[in-house]
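Asks: For the sequence shown, my numbering begins at 1408 and goes up steadily by one.
There's a structure below that I have some questions on.
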Amino acid sequence: MTLPESALSHLACPACERIENADGIHTTCPACGSPLLASYNLEGLEGELTKGVAASKKHGLWRWAGLLPVRRPFYRLQSGLGESPLLRLENLGKQLGLAHLYLKNEQDLEERRLVVALSRALELGLRKVTPASDTLERLASRARIQVALGGFDLSIWQEPYGLEGLKTCALEIAEAFGWQLPDVLVAPDEAMLVAAWKAFEETRTLGLTGEKRPRMVTVQAGEAHPLAQAVLEQSNGISLPVSTEEIASQHKNLAASEGILPSPPGAAGLAVLKQLLTRKWLMPGERVVLINTGNGLNFLRGKNGSQ
Ligand SMILES: [Zn+2]
1408 MTLPESALSH LACPACERIE NADGIHTTCP ACGSPLLASY NLEGLEGELT
1458 KGVAASKKHG LWRWAGLLPV RRPFYRLQSG LGESPLLRLE NLGKQLGLAH
1508 LYLKNEQDLE ERRLVVALSR ALELGLRKVT PASDTLERLA SRARIQVALG
1558 GFDLSIWQEP YGLEGLKTCA LEIAEAFGWQ LPDVLVAPDE AMLVAAWKAF
1608 EETRTLGLTG EKRPRMVTVQ AGEAHPLAQA VLEQSNGISL PVSTEEIASQ
1658 HKNLAASEGI LPSPPGAAGL AVLKQLLTRK WLMPGERVVL INTGNGLNFL
1708 RGKNGSQ
């Protein structure tokens, strides 16, 4: 079974509606500075996406190729990612009084973002990228692309394609629930929040998911990015701040109750959940998914320490 072709059609600015050719090299919107978002010709994709996906789990996150921006398979870097477990947290759910609590247990969410951003950079002919990180250097060494100052900036919000990589995490969640989206999605990372909402809009347009979409929740850390703010408003979502004490406490709690060592953002997401229960913003019977952004061991070892 071959994968569907990328249905990438153009780039669109969500702030000023400017349109750009997707096959040129772009950073942010030249008119207003907002991130540019990848748009797809979804009409051509109905049916193809799920057929390809069902038959091609071995392709990792590229099984979603129709909804990803890399046109030629040659440039799709392999990552080993693309099927992180969706775990039911029974012990923690009982403790919190949530009957349907799940954890999407990512090992390295940043890798999903960079695999797609870097593959697209390669396809567009770029040969030098920045900023240096363990994950980027590992991927770049396989792709024979240089990580150096002055290279094309792959930082989040600075180029259009990393969000598309994060989208695959949300597509897996939707697929795992038989395309019935959860009531609440806690994405502690703002870019993941925006990417998940974009994924659910696309699956709705494709007819895979219905009108109902989750209330989106994130961790408040300073002023929200305008795109994240828009998602919270459209979804009747919320963002709340958490203290370092709450993060440490929920880190221990998840380890003790479920044997899972979350990343600090993952633990922060759980701390937000607890606050939402206290406020009765969440109901006990609702289906809630929390995204853990990485393996807590990596953080303890100092890897991904920048997150
Ligand atoms: Zn713009």
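We treat Cβ as the ideally placed atom computed from N, Cα and C, and that holds for glycine.
Verify whether the separation of the beta carbon atoms of residue 1456 and residue 1473 is less than 7 Å.
Replies: yes
Asks: Considering only the alpha carbon of each residue, which of 1493, 1657, 1591, 1549 lies closest to residue 1576?
Replies: 1493
Asks: What residues are listed by DSSP as bridge partners for residue 1699?
Replies: 1512
Asks: Does residue 1389 come out as helix, strand or coil in the three-state DSSP assignment?
Replies: Here the chain has residues from 1408 to 1714 only, and residue 1389 is not among them.
Asks: Can you name, in chain order, every residue of its own chain whose Cβ lies under 7 Å from the Cβ of residue 1662, other than the five neighbours on each side?
Replies: Here the set comprises 1668.
Asks: For residue 1585, count the other beta carbons within 10 Å of its own beta carbon; 16 or more makes it buried, fewer makes it exposed. Which is it?
Replies: Exposed, by the Cβ-count rule.
Asks: Do residue 1601 and residue 1526 come within 7 Å of each other at the CB atom, strictly closer than that value?
Replies: Going by beta carbons, residue 1526 and residue 1601 fall outside the 7 Å limit.
Asks: Just the residues with CB closer than 6 Å to a heavy atom of ligand 1, in chain order, which are they?
Replies: With the cut-off at 6 Å, the residues found are 1420, 1422, 1423, 1425, 1436, 1438, 1439, 1441.
Asks: Let's test the definition: count the other Cβ atoms within 10 Å of the Cβ of residue 1515 and tell me whether it reaches 16, buried, or not, exposed.
Replies: buried
Asks: Quick one: Cα of residue 1479 to Cα of residue 1435, how far?
Replies: Approximately 24 Å, taken between the alpha carbons.
Asks: Which one of 1673, 1687, 1696 has the shortest CA to CA distance from residue 1704?
Replies: 1673
Asks: Looking at the unbroken beta strand (DSSP E) that takes in residue 1592, where does it start and where does it end?
Replies: Looking at the DSSP string, the run of the beta strand (DSSP E) that includes residue 1592 is 1591 to 1593.
Asks: Shortest alpha-carbon distance to residue 1580 belongs to which of 1654, 1678, 1431, 1495?
Replies: 1495
Asks: Out of 1509, 1501, 1481, 1621, which has the shortest C-alpha to C-alpha gap to residue 1523?
Replies: 1481
Asks: Does the pairing of the region 1587 to 1604 with the region 1503 to 1520 give three or more beta-carbon distances under 8 Å?
Replies: yes
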